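Chains as they are written, first to last, in the working numbering: chain A, 17 to 209; chain B, 1446 to 1796. All residues carry an ideal CB built from backbone N, CA and C; glycine is no exception. Note that the coordinates shown come from a computational prediction; the quantities given were computed from them, not determined experimentally. Take a look at the structure below.
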C-alpha cells in the first residue's frame, strides 16, 4: 500500500515544529542590559592609536580611502618625526582596516573591540576646549583626537583583528547555536548531580 | 427588573470585552514571541502587561487623518459599523446557567446574522478611503467572508441538531459530552471557517501587509484605527467564545470552579490554538482560499450535515461510548477521502 499522503499532514507537521519552539529559550538579546561577546576578530568601531610606537610616517593617513585620519607631523630637535595632532573622524570611517595593514610598525594603530559609539548627551561641546584638536568649538562626538585615541584595555579594548596574538587574550564568542533548551538544561543539571 | 438586568449586564459585557481584548493583545504578542523564540513586549510593566494600555493611549492621542478624496461619512461610519456587531455578538453568550444578556431562542442564528454585518463595515472602510490598496483588501474580504459563511453555518448546524435548539444556553445544557467529540469534523470546519471569517492568518488576505500595505486600514489613524483593532480582537474573542460554547461545553465543567471561569479557560485555550495556527502557517493566495472553501470545506460540511442528521435520527449518539470513536473515525475517513479529490491547480494554470 502506498504511503498515505497529501491529506493535510503538512499542516500537522508545521504545528508540531512550532509547538516544539515553545520550549526553546529565546534567541533575542535585550541589548543595553545583555550583550553578546563579539567575535575575537571583530572590527569594532574604535580606532586606537599608540603614541609610543608611532613613527609618524603618515602611511595610515594615505591608506585611508575616505580620508578619516588626519595627521600633523613635524620634526623635533633630534630630527625625528613626531605627531603634533592626529584626528580620526569616526563618522567617516568605514572600518576597512587598511590603516592597520599599512602601518609599517605593525602595532601603532589598532581597531578597537567596542562597537557602541553612541552617547546619551553631547558633552564635548562645553568641556573639550583644550589642545589643538579641530573638534574644538563644535560638537565632536564622533571625532576622536590625540589622547582620546590612546590604548586603554579597560575602557577601549583592542580587537584581535590582524593581531592573532591579541585574539588569544579575548573571551570566546557567544554563539547562538550553543543556546540550550530548557529540557537540555534540566537534563544537564540531573547528570551533573 | 428587566431594565436593571439589561443595564448591569451590558456594563459587564463591555468590561469583559474591553479587558478581554486588552488581555488578548498582550497574550497574542507574548505567545507569538514564544513561538518564534523571542520574548515579545517586555518593557511596559511586569511581563509587558501594560503594553496594550500604552498602545491604547498612543492610539487615542494620535491625529485623526481623513484623506482628501475620502467619502467622508462612509469613512467615518465604517469603524462603528464594524465594531458594534462585534460587540453585539456577546449578548447571547452564556457565562453561566442563564447568565446572559438575552436568552434568545434563535441565539446562534442571531450571532450569524449580526456578525455578517462586520463585512459591510470593512467594505465601507475600503470603499470610503479611496485608496486602491484599501479597496483591494475590502474586495478580497467580501469574496472570502461571504464564501466562508456557508461552511461556517453548516458546521454549526451539526451542533444545533445534536442539541435540538438554537439557544446557546440550551446547547450548553445539552452537552453531557462536549460536542467536539461527537462533532470533530464540525469543530474543525468551524475553526477553519471562523479563522477566515475573522481574517486571521492564514486567511489574512485583506490586510496582507506584504502585498497591500494594510488593506482596508491603510487610511485609518487614531481612534478609528483603534476601533478596527478592537474589532479584530473582539471578533477573535467572540469566535473563541462561540467555539467553546458550541463545541467545548461552554460554562459547564467540574463544580470546583464557577461557570464563567470555565468559559474563560476554554476561550483562552481556543485563542491559544488560534495563535498557534498564526505562528505556523503562511498566508494563502486568494484563489487557493476560494477553492479551498468551495471545493473542500463546503462538500465536507454538507456531508457532515447529512451524516449527523442520520446519526441523530438513528439514535446512535445517545450512547457516547459508541458514538465518540465512530465520529472520530468518520471525521478522519472523510478528511482523507475528500482530500484525494481536492486540487488547487498547484500554482499554475492546468491545461
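Beta carbon of residue 1552/B nearer than 8 Å to that of residue 1613/B
Looking up residue 1552/B in the second chain gives position 107. Looking up residue 1613/B in the second chain gives position 168. Yes.
By the 9 Å beta-carbon criterion, what residues does the stretch 1489-1521 of chain B contribute toward chain A?
none
Contained alpha helix (DSSP H) runs [length at least 4] in the stretch 1684-1771 of chain B, N- to C-terminal order
1704-1725, 1731-1736 and 1743-1759
Do the stretch 1518-1531 of chain B and the stretch 1560-1571 of chain B make contact, defined as three or more Cβ pairs closer than 8 Å?
yes
Beta-carbon neighbours of residue 52/A, restricted to chain B and to distances below 9 Å
Counted from its first residue, the first chain places residue 52/A at position 36. Near residue 52/A there are no residues of chain B at all, since even the closest Cβ is about 15 Å away, more than 9 Å.
Beta bridge counterpart(s) of residue 97/A as assigned by DSSP
Numbered from its first residue, the first chain carries residue 97/A at position 81. DSSP output for residue 97/A lists 91/A as bridge partner(s).
Give the DSSP-derived three-state secondary structure of residue 128/A in the structure shown.
For the purposes of this step, residue 128/A is taken as residue 112 along the first chain, with counting starting at 1. Residue 128/A: strand per DSSP, three-state reduction.
Determine the DSSP secondary structure at residue 1448/B, reduced to helix, strand or coil.
As a position in the second chain, residue 1448/B is number 3, starting the count at 1. Looking at residue 1448/B - three-state DSSP - the assignment turns out to be helix.
Less than 8 Å between the C-beta atoms of residue 113/A and residue 127/A, yes or no?
Locating residue 113/A in the first chain gives position 97, counting from the first residue. Locating residue 127/A in the first chain gives position 111, counting from the first residue. Cβ distance < 8 Å, so residue 113/A and residue 127/A count as in contact.
What residues from the stretch 191-206 of chain A come within 8 Å of chain B, judged by C-beta to C-beta, listed N to C?
none
Taking its Cβ as the centre, do 16 or more other Cβ atoms sit within 10 Å of residue 64/A, making it buried, or is it exposed?
Taking the first chain and counting its residues from 1, one reaches residue 64/A at position 48. Classification for residue 64/A: buried.
Measuring only between beta-carbons, confirm whether residue 1481/B sits less than 8 Å from chain A.
The residue given as residue 1481/B occupies position 36 in the second chain. Closer than 8 Å to some Cβ of chain A, the Cβ of residue 1481/B qualifies, so yes.
Cα-Cα separation, residue 110/A to residue 82/A:
For this step, residue 110/A is matched to residue 94 along the first chain. For this step, residue 82/A is matched to residue 66 along the first chain. Rounded to whole angstroms, residue 110/A to residue 82/A spans 8 Å at the Cα level.
May I ask which residues mark the beginning and end of the beta strand (DSSP E) holding residue 161/A?
Counting from one through the first chain, the residue named residue 161/A turns up at place 145. Run containing residue 161/A: 159-161, per the beta strand (DSSP E) assignment.
Along chain A, in chain order, which residues have C-beta atoms closer than 9 Å to that of residue 1780/B?
Stepping through the second chain from its first residue, residue 1780/B is reached at position 335. Within 9 Å Cβ-Cβ: 23 and 24.
Simplified DSSP assignment, three categories, for residue 63/A
Translated into positions along the first chain, residue 63/A becomes position 47. Strand at residue 63/A.
Listed by chain order, chain A residues near residue 1721/B by CB distance under 8 Å
Locating residue 1721/B in the second chain gives position 276, where the first residue counts as 1. Within chain A, the residues near residue 1721/B are 31, 34 and 35.
Applying a beta-carbon distance threshold of less than 8 Å, which residues of chain B neighbour residue 43/A?
On the first chain, position 27 is the one that residue 43/A refers to. Chain B residues near residue 43/A: 1482 and 1483.
Among 1769/B, 1692/B and 1742/B, which residue has its Cα nearest to the Cα of residue 1618/B?
Taking the first residue of the second chain as position 1, residue 1618/B is located at position 173. If we check each option's Cα against that of residue 1618/B, 1692/B comes out closest.
On the DSSP bridge list, what partners appear for residue 105/A?
Taking the first residue of the first chain as position 1, residue 105/A is located at position 89. Beta-bridge pairing links residue 105/A to 159/A.
Using a Cβ cut-off of 8 Å, pull out every chain B residue sitting near residue 165/A, in sequence order please.
What you label residue 165/A is simply residue 149 of the first chain in a count that begins at 1. What residue 165/A touches in chain B: nothing, since even the nearest Cβ is about 36 Å away.
Among 130/A, 78/A, 48/A and 168/A, nearest to residue 56/A - alpha-carbon criterion
Indexing the first chain from 1 puts residue 56/A at position 40. Looking at the Cα atoms, 130/A is the closest of the given residues.
Inspect the CB distances between the stretch 1450-1468 of chain B and the stretch 1658-1668 of chain B and report whether three or more fall short of 8 Å.
no
From the beta carbon of residue 1746/B, is the nearest beta carbon of chain A less than 8 Å away?
Here residue 1746/B is taken as the residue at index 301 of the second chain, counted from 1. Not one chain A Cβ lies under 8 Å of residue 1746/B.
Please classify residue 85/A: does DSSP put it in a helix, a strand, or coil?
To locate residue 85/A, count along the first chain from 1; it is residue 69. In this structure, residue 85/A counts as strand in the three-state DSSP scheme.
For residue 1598/B, which option in 1587/B, 1611/B, 1586/B and 1588/B has the closest C-alpha, if you only look at C-alpha atoms?
Indexing the second chain from 1 puts residue 1598/B at position 153. Here the closest residue by C-alpha is 1611/B.
What three-state label does DSSP hand residue 1513/B in the structure shown?
In the second chain, counting from the first residue as 1, residue 1513/B sits at position 68. The answer is coil: DSSP assigns residue 1513/B none of H, G, I, E or B.
Contact criterion: CB-CB distance below 8 Å. Does residue 108/A meet it with respect to chain B?
Residue mapping note: residue 108/A aligns to position 92 of the first chain, counting from 1. So no, residue 108/A is outside the interface.
Is it buried or exposed for residue 1450/B, if we count other Cβ within 10 angstroms and need 16 for buried?
Here residue 1450/B corresponds to residue number 5 of the second chain, with the count starting at 1. It counts as exposed.
Could you confirm whether any beta carbon from chain A is found closer than 8 Å to the beta carbon of residue 1692/B?
Start at 1 with the first residue of the second chain, and residue 1692/B comes out as number 247. Closer than 8 Å: no.
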